[in-house]
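Below: one structure, written as structure tokens.
4 protein chains.
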Amino acid sequence: MKKSKPKYMQIIDAAVIIIAENGYHQAQVSKIAKQAGVADGTIYLYFKNKEDILISLFQEKMGDFVEKIEQMIAGKEQAAEKLLVMVENHFRMLSEDHHLAIVTQLELRQSNKDLRLKINEVLKGYLQVVDKILLEGKENGEFSSDLDVRLARQMIFGTMDETVTTWVMNEQKYDLTALAGPVHRLLVNGCGNAGH
Amino acid sequence: MKKSKPKYMQIIDAAVIIIAENGYHQAQVSKIAKQAGVADGTIYLYFKNKEDILISLFQEKMGDFVEKIEQMIAGKEQAAEKLLVMVENHFRMLSEDHHLAIVTQLELRQSNKDLRLKINEVLKGYLQVVDKILLEGKENGEFSSDLDVRLARQMIFGTMDETVTTWVMNEQKYDLTALAGPVHRLLVNGCGNAGH
Amino acid sequence: MKKSKPKYMQIIDAAVIIIAENGYHQAQVSKIAKQAGVADGTIYLYFKNKEDILISLFQEKMGDFVEKIEQMIAGKEQAAEKLLVMVENHFRMLSEDHHLAIVTQLELRQSNKDLRLKINEVLKGYLQVVDKILLEGKENGEFSSDLDVRLARQMIFGTMDETVTTWVMNEQKYDLTALAGPVHRLLVNGCGNAGH
Amino acid sequence: MKKSKPKYMQIIDAAVIIIAENGYHQAQVSKIAKQAGVADGTIYLYFKNKEDILISLFQEKMGDFVEKIEQMIAGKEQAAEKLLVMVENHFRMLSEDHHLAIVTQLELRQSNKDLRLKINEVLKGYLQVVDKILLEGKENGEFSSDLDVRLARQMIFGTMDETVTTWVMNEQKYDLTALAGPVHRLLVNGCGNAGH
DNA sequence: CATGAATGAGACTTCATTCAT
DNA sequence: GATGAATGAAGTCTCATTCAT
Numbered sequence: 001m002k003k004s005k006p007k008y009m010q011i012i013d014a015a016v017i018i019i020a021e022n023g024y025h026q027a028q029v030s031k032i033a034k035q036a037g038v039a040d041g042t043i044y045l046y047f048k049n050k051e052d053i054l055i056s057l058f059q060e061k062m063g064d065f066v067e068k069i070e071q072m073i074a075g076k077e078q079a080a081e082k083l084l085v086m087v088e089n090h091f092r093m094l095s096e097d098h099h100l101a102i103v104t105q106l107e108l109r110q111s112n113k114d115l116r117l118k119i120n121e122v123l124k125g126y127l128q129v130v131d132k133i134l135l136e137g138k139e140n141g142e143f144s145s146d147l148d149v150r151l152a153r154q155m156i157f158g159t160m161d162e163t164v165t166t167w168v169m170n171e172q173k174y175d176l177t178a179l180a181g182p183v184h185r186l187l188v189n190g191c192g193n194a195g196h
Numbered sequence: 001m002k003k004s005k006p007k008y009m010q011i012i013d014a015a016v017i018i019i020a021e022n023g024y025h026q027a028q029v030s031k032i033a034k035q036a037g038v039a040d041g042t043i044y045l046y047f048k049n050k051e052d053i054l055i056s057l058f059q060e061k062m063g064d065f066v067e068k069i070e071q072m073i074a075g076k077e078q079a080a081e082k083l084l085v086m087v088e089n090h091f092r093m094l095s096e097d098h099h100l101a102i103v104t105q106l107e108l109r110q111s112n113k114d115l116r117l118k119i120n121e122v123l124k125g126y127l128q129v130v131d132k133i134l135l136e137g138k139e140n141g142e143f144s145s146d147l148d149v150r151l152a153r154q155m156i157f158g159t160m161d162e163t164v165t166t167w168v169m170n171e172q173k174y175d176l177t178a179l180a181g182p183v184h185r186l187l188v189n190g191c192g193n194a195g196h
Numbered sequence: 001m002k003k004s005k006p007k008y009m010q011i012i013d014a015a016v017i018i019i020a021e022n023g024y025h026q027a028q029v030s031k032i033a034k035q036a037g038v039a040d041g042t043i044y045l046y047f048k049n050k051e052d053i054l055i056s057l058f059q060e061k062m063g064d065f066v067e068k069i070e071q072m073i074a075g076k077e078q079a080a081e082k083l084l085v086m087v088e089n090h091f092r093m094l095s096e097d098h099h100l101a102i103v104t105q106l107e108l109r110q111s112n113k114d115l116r117l118k119i120n121e122v123l124k125g126y127l128q129v130v131d132k133i134l135l136e137g138k139e140n141g142e143f144s145s146d147l148d149v150r151l152a153r154q155m156i157f158g159t160m161d162e163t164v165t166t167w168v169m170n171e172q173k174y175d176l177t178a179l180a181g182p183v184h185r186l187l188v189n190g191c192g193n194a195g196h
Numbered sequence: 001m002k003k004s005k006p007k008y009m010q011i012i013d014a015a016v017i018i019i020a021e022n023g024y025h026q027a028q029v030s031k032i033a034k035q036a037g038v039a040d041g042t043i044y045l046y047f048k049n050k051e052d053i054l055i056s057l058f059q060e061k062m063g064d065f066v067e068k069i070e071q072m073i074a075g076k077e078q079a080a081e082k083l084l085v086m087v088e089n090h091f092r093m094l095s096e097d098h099h100l101a102i103v104t105q106l107e108l109r110q111s112n113k114d115l116r117l118k119i120n121e122v123l124k125g126y127l128q129v130v131d132k133i134l135l136e137g138k139e140n141g142e143f144s145s146d147l148d149v150r151l152a153r154q155m156i157f158g159t160m161d162e163t164v165t166t167w168v169m170n171e172q173k174y175d176l177t178a179l180a181g182p183v184h185r186l187l188v189n190g191c192g193n194a195g196h
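Sequence lines, in order, name chains A, B, C and D.
According to UniProt numbering, the stretch in the first sequence is residues 1 to 196, in order.
According to UniProt numbering, the stretch in the second sequence is residues 1 to 196, in order.
According to UniProt numbering, the stretch in the third sequence is residues 1 to 196, in order.
According to UniProt numbering, the stretch in the fourth sequence is residues 1 to 196, in order.
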């Protein structure tokens, strides 16, 4: 077997699988170590403690996430179009990685308040992407000029999150990506200067 | 001594306080018993086990919640108006009970999947209220006739939930009830037949 | 329903049933009270504590036992004949009360050392009956003159006990009373002055 | 530090001492761990749970027991002689390990029915040794040809067990090994073809 | 770098017994 | 005498983390 991956990512990938398949509270360090093919103690050469694995997991995966979203909306002109690309890819990327979807939507939320606050820190990068789209939309007249950016951002996140979570809880039985269009329309309507 | 409160509700109220102040994982049965002013063993005369306290807590509090919302929207004619009353009271009721807000938005989500599934059962009553409003709105022309009720419901819940959670995470520093109007406008826009 | 039985015996009979059906460690006072048709607290008007129920149970039932045995061997002349009557009735009485058999052979042995010492006190009455038979047998030449009465008594008890316990553990599937004859022969042989 | 004893046997030996000195129900895992000189958690690296310690204890000690008995009777010709060696060594081995005697005769019997059934499984090895002796005795004419092997075996076990238990309950005040001869005579008489 | 055996703190739940009614 | 709601002490087992090899 070739050691293509550094152990750091090996452990993070193992954590995603173990948490998805066993649940947050049954994801013992020893299980993760076994899945990663290393000794328990080795984990602590790469991570400060168990919480650090989870934060790192979220940073790595969510970092990819935001990076890809940013690349994809870079070429788009309109705010509404950018929003569509964002929703589409948000849904698509989680559709393509069932383990990750379970971990981010269900399991990681069982972490304690401290960990969740740190996860929120990581999410700020994503928030900024949305805020930028919303500001552009307000400036170029696509969105209502008196739109409350913070609230609109909470609507967008809340709606996407609720949609994905419901899909995961229904055991991913239907096609999530097909919902991107309709969800996008709801959100654009919400932000839009409808009455004008 | 007058039996002012039955012990059942005494224990549930104690659980809300203890969980809010100590966090889900630091809410030992002995702490709840002490706060309720009963012996540890007494808890088990009223609840099957610790999880049963939490489910019952959610049922009692959320039952009240849905009941009150239903009463308040009963007198309203328009779907949009009903939605406003719902958002206003959802925000107001959690504003008025800071402990309950912390418990429902942050702490109870740390419970395991089984408990969360049971909590979802309880939430179905609320879902049905929203669905009824949405259907009425579609029928009387307030909302778009091709509105996807399930997605719209997810938007409404997702947005309210995200808004309240953000407020709780910011330590309830600003006035949540003031956001009811703007949030309502976003949601009605989202559901509305804006372009028509 | 006529209160034919005083509550004292009512509780003891309930204890036999509950212990036989649930096992020693699952025989809570509250279960015994329910079976007896009295309140938990009532138990403590008739018995000092739980252990007292068990000792009393053994005393009452074993008292009957010894009394009946004594009556039945009273009319017999020979020691060997008395022994036969004893074994026959020991086996028969336990055969006729399956609950009592389970309680004395399996469940009551799970009690702690103190309780077992007290049970042994109760058994002394039985021991004396056996000793008397053995002495008679030695005097009239039926048994070996150098028979060690204490050891012979341990053989008799040990053999009867092991035989009954094995029968109970095999779920009382075969006819225990049919074994009285062969067992008696083993014991009489053991005590006998074979070589003379 | 030299690993003189594997921890597995260290823990079993500690369990024998703790149970003998404190009684079955006062033999907490933490006490056993302390006696064995390991941490509480270490117990669970070697045993599935507390019951597993007790089963293993019985298997290890009784395994030795049966093995030694078998070796010792291997050189003997006559069934009666084999029986004598068995009784002698049964008594001697328990005489030499007072702790073990208390544990097997008094404390382990307080275990629940499940554990006792597993203990019976272990005892089957011993039963077979006895059965073999009895069959040999019947074949070579030492014992009665119409001897019921199962009943005879129950007599032998029951008598030895009752004798040892009585000795333990009398706080091992007299010499158990001295009883081997007389007990053996009782048993051989019992099995013998006395009247022929 | 890597290992994995050992550590030890911490909490849910049961049930015999009491005592105010 | 009878009730039964309330009490509260006590023990098994898990698992993140360490450190000698």
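Just so it is clear, CB atoms sit at the ideal spot from N, CA and C, and this is done for glycine as well.
Distance check for Phe65 (chain C) and Gly192 (chain D), CA to CA, integer angstroms please.
Roughly 31 Å between the two C-alpha positions.
Which value, in whole angstroms, describes the spacing of the CA atoms of Ser56 (chain C) and Lys48 (chain B)?
Those two C-alpha atoms are separated by around 34 Å.
Below 8 Å on C-beta distance, what does Ser111 (chain A) contact in chain B?
Per Cβ cutoff of 8 Å: Gln110.
Per DSSP, which residues does Phe143 (chain B) bridge with? Please list them.
BP columns for Phe143 (chain B) point to B:Gly192.
Quick one: any contact between the region 94–108 of chain C and the region 154–172 of chain C, if contact means 3 or more CB pairs under 8 Å?
Yes: at least three Cβ pairs fall under 8 Å.
How far does the alpha helix (DSSP H) with Lys34 (chain B) in it extend, from its first residue to its last?
Val29 to Ala36 is the span of the alpha helix (DSSP H), which, as asked, contains Lys34 (chain B).
What residue from D:Tyr46, D:Ala27 and D:Asn89 has the CA that sits closest to Glu67 (chain D)'s CA?
Cα-wise, what sits closest to Glu67 (chain D) is D:Asn89.
Anything in the region 144–159 of chain C with a Cβ closer than 7 Å to a Cβ of chain D? List those residues in chain order, please.
The residues in question are Asp148, Leu151, Ala152, Gln154, Met155, Phe157, Gly158 and Thr159.
Going along chain B in order, which residues have a C-beta closer than 7 Å to the C-beta of Pro182 (chain A)?
Chain B residues near Pro182 (chain A): Asp148 and Leu151.
Within 9 Å (strictly less), CB to CB, does Leu84 (chain C) reach chain D?
No, because no Cβ of chain D sits closer than 9 Å to the Cβ of Leu84 (chain C).
Once the 5 residues before and after Tyr8 (chain D) are set aside, which same chain residues still bring their CB inside 6 Å of it?
So the qualifying residues of the chain are Tyr46.
Leu106 (chain A) touches chain B at which residues, Cβ-Cβ below 9 Å?
Ordered by position in chain B, the residues that pass the 9 Å Cβ test against Leu106 (chain A) are Lys113 and Arg116.
So with CB distances below 9 Å, who are the chain D contacts of His99 (chain C)?
Chain D residues near His99 (chain C): none, gap ~15 Å exceeds 9 Å.
Which residues mark the beginning and the end of the alpha helix (DSSP H) in which Gly41 (chain D) is found?
Unbroken alpha helix (DSSP H) run through Gly41 (chain D): Asp40 to Tyr46.
For the candidate residues B:Gln59, B:Gly37 and B:Tyr44, whose alpha-carbon lies nearest to that of Gly125 (chain B)?
When only C-alpha atoms are compared, the closest one is B:Gln59.
Of the residues that make up the UniProt DNA-binding region "H-T-H motif" (28–47) of chain A, which ones have a beta carbon closer than 7 Å to any beta carbon in chain B?
Correct list: empty, as no residue qualifies.
For Tyr8 (chain D), which of helix, strand or coil comes out of DSSP?
In this structure, Tyr8 (chain D) counts as helix in the three-state DSSP scheme.
Contact defined as beta carbons within less than 8 Å: I believe His184 (chain A) pairs with Val122 (chain A). What is the distance between those atoms, to the nearest angstrom?
Not quite, the Cβ-Cβ distance comes to about 24 Å (not below 8 Å), so this is no contact.
Taking the Cβ atom as the reference point for each residue, do Lys61 (chain C) and Ile18 (chain C) lie within a distance shorter than 9 Å?
Contact: no.
Are Glu162 (chain A) and Met72 (chain B) closer than 9 Å when you measure CB to CB?
No, the Cβ-Cβ distance between Glu162 (chain A) and Met72 (chain B) is not below 9 Å.
Please confirm whether Thr177 (chain B) has its beta-carbon closer than 9 Å to some beta-carbon of chain A.
No, because no Cβ of chain A sits closer than 9 Å to the Cβ of Thr177 (chain B).
Ends of the alpha helix (DSSP H) at His99 (chain D)?
Here the alpha helix (DSSP H) through His99 (chain D) covers His98 to Ile102.
Is Tyr126 (chain D) close to chain C, meaning its C-beta is less than 9 Å from at least one C-beta of that chain?
No, Tyr126 (chain D) does not count as interfacial toward chain C.
Between Met169 (chain A) and chain B, is any beta-carbon pair separated by less than 9 Å?
Judged by the 9 Å Cβ criterion, Met169 (chain A) is in contact with chain B.
Just checking my contact of Lys50 (chain A) with Gly23 (chain B) at CB under 8 Å: how many whole Å lie between their CB atoms?
Not really, about 17 Å apart at Cβ, beyond 8 Å.
Would you tell me roughly how many angstroms separate the C-alpha atoms of Val29 (chain B) and Ile102 (chain C), rounded to the nearest one?
Between Val29 (chain B) and Ile102 (chain C), the C-alpha separation is close to 39 Å.
What residue range does the alpha helix (DSSP H) around Lys68 (chain D) cover?
That run of the alpha helix (DSSP H) goes Lys50 to Ala74.
Give a yes or no on whether the C-beta atoms belonging to Gly137 (chain D) and Ala80 (chain D) are separated by under 9 Å.
Going by C-beta atoms, Gly137 (chain D) is nearer than 9 Å to Ala80 (chain D).
Any beta carbon from chain B within less than 9 Å of Glu96 (chain A)'s own beta carbon?
No, Glu96 (chain A) does not count as interfacial toward chain B.
With DSSP collapsed to three states, give me the class of Leu179 (chain D).
It is helical.
Could you compute how far the alpha carbon of Ile53 (chain A) sits from the alpha carbon of Leu84 (chain B)?
Straight-line Cα distance between these residues: approximately 43 Å.
Mind listing the chain D neighbours of Asn120 (chain C)? Cutoff is C-beta to C-beta under 8 Å, in chain order.
Those are Met169, listed as they occur along chain D.
Measuring only from the beta carbon, is Leu45 (chain C) closer than 8 Å to any heavy atom that is part of the ligand COA?
This structure lacks the ligand COA; in fact it carries no ligand of any kind.
Taking C-beta pairs closer than 7 Å, name the residues in chain A that Asn189 (chain B) reaches, listed in chain order.
Simply Asn189, Gly190, Gly192 and Ala194.
Given a cut-off of 9 Å on the beta-carbon distance, is the pair Val129 (chain A) and Ile69 (chain A) in contact?
It is a contact, given that the beta carbons lie within the stated cut-off.
Three-state secondary structure (DSSP) at Gly125 (chain A)?
Gly125 (chain A) falls in the helix class under three-state DSSP.
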